[in-house]
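If you use this note's numbering, the sequence shown closes out at 557, no skipped numbers anywhere. Ideal placement from N, C-alpha and C gives every residue a C-beta, glycine not left out. Beneath this line is the structure, given in C-alpha cells, with notes to follow.
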Amino acid sequence: VDMTTVDGIERAGKLNLASSGIVDAMFSSHLHDVSNNIFTSNNQGMLFALFRHPIHRVVSWFYFVQDTNWRRKKSDLSDITIEEYFKSGSGENNWMTRFLSHQMTKKLTSDDLNVAKEVLRRKCIVGLLDEMGESMSRFEKVFGWRLNTEEDEECEEKKLQWGWAGKHRHASIDEGSIVWNLIVRKNEFDMKLYEYAKILFVEQGIYFHEKVT
C-alpha cells in the first residue's frame, strides 16, 4: 500500500493493516488520515519524530529546493535570494503546527497551537535533530529495534554523523538578522511548538532514565 496518498491510506485501512501484524513502522505525511483510517482503540499507534529548529529547517528547505530546481534547469527559485523570497510574502508558514493540528489553510490561533502541543504530549516520542544520538537510542528502546550486524551499526553511525543522501551545504542565517526575523514572523507558532518539544524531550528523558534504572 502507498501511505503517501489518502487513497493508499484508505485502502490500507480496509485491509486492516494495523491488526495484520506485518508492519512495525510506517511513514506518511497524512498524520490525521492515518490516525482515522488505520488505527483503532484495539490497535493503537505511536508517533515518533525528529524535530529541527524551525529556522534551520526553513532555510535548509529553501536552499535544497533552489539547488534542485537549478539542477533540473528550472528557474522558480534560482534567481531569488532567501531574503527576497520571504519579503515577497512567500515561504513556510508554521508548517509543524498546521500539520499536527490539521489546519493547513486557515489563519492559526493559540487554540491550534495547543492542539499541536497536546498531540505531541499524548502521542509522540519526541526526538531532536540536535540530539540525534540520544533520540535514536530512545526510539530503539521503545520499538525494540536491534542492530544485528556490523553493517547495521555502520549504517546507523553514518546517519548519526549526518552522512545521508541529499545532504548539501548552504549559507547559515545569523540569529537576529533580517532574514531570521522575517522567518520568525511567519513561523511564530512553530517557534513556540519547538520550545515545547524541547521541554517534552527533557521530560521524556527522565522517564527513560527511570525505566532503565
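Boundaries of the beta strand (DSSP E) in which residue i is found, first to last residue
i: Gly-357; result: Not the beta strand (DSSP E): Gly-357 falls in the alpha helix (DSSP H), residues 350–358.
i: Phe-392; result: 391–395
Straight-line gap, residue i to residue j (C-alpha atoms, nearest Å)
i: Met-480; j: His-553; result: 15 Å
i: Thr-412; j: Arg-401; result: 16 Å
i: Leu-391; j: Trp-489; result: 15 Å
i: Val-463; j: Leu-444; result: 7 Å
i: Ile-550; j: Ile-522; result: 38 Å
i: Asp-368; j: Glu-497; result: 20 Å
i: Ser-432; j: Gly-365; result: 49 Å
i: Ser-372; j: Ile-382; result: 12 Å
i: Asn-492; j: Cys-499; result: 12 Å
i: Trp-524; j: Val-470; result: 25 Å
i: Gln-410; j: Ser-404; result: 10 Å
i: Asn-380; j: His-446; result: 12 Å
i: Leu-473; j: Lys-358; result: 35 Å
Residue i - containing alpha helix (DSSP H), residue span
i: Ile-527; result: 522–530
i: Gly-477; result: 476–487
i: Val-463; result: 454–467
i: Ala-362; result: 361–364
i: Thr-493; result: Careful: Thr-493 lies outside any alpha helix (DSSP H) and carries neither H nor E.
i: Asp-377; result: 375–381
Outcome for residue i when other beta-carbon atoms lying within 10 angstroms are tallied against a minimum of 16
i: Ala-515; result: exposed
i: Ala-356; result: buried
i: Phe-487; result: exposed
i: Ile-543; result: exposed
i: Leu-504; result: exposed
i: Met-448; result: exposed
Residue i versus the options, residue with shortest Cα-Cα distance
i: Lys-467; options: Leu-361, Leu-375, Glu-519; result: Leu-375
i: Gly-520; options: Ser-454, Ala-369, Ile-399, Ile-382; result: Ile-399
i: Gly-477; options: Glu-501, Glu-494, Asn-458; result: Glu-501
i: Ser-363; options: Asn-380, Glu-494, Asp-423, Gln-388; result: Gln-388
i: Glu-547; options: Arg-513, Glu-484, Lys-530, Arg-465; result: Arg-465
i: Phe-533; options: Glu-494, Ile-517, Ala-460; result: Ala-460
i: Tyr-429; options: Phe-406, Met-448, Lys-450; result: Phe-406
Neighbour flag for residue i against chain B, beta carbons, 8 Å
i: Ala-460; result: In the structure shown, chain B does not exist; there is a single protein chain.
#### Entry: Touching by the beta-carbon criterion (3+ pairs, under 8 Å), the segment 435–450 and the segment 533–550
yes
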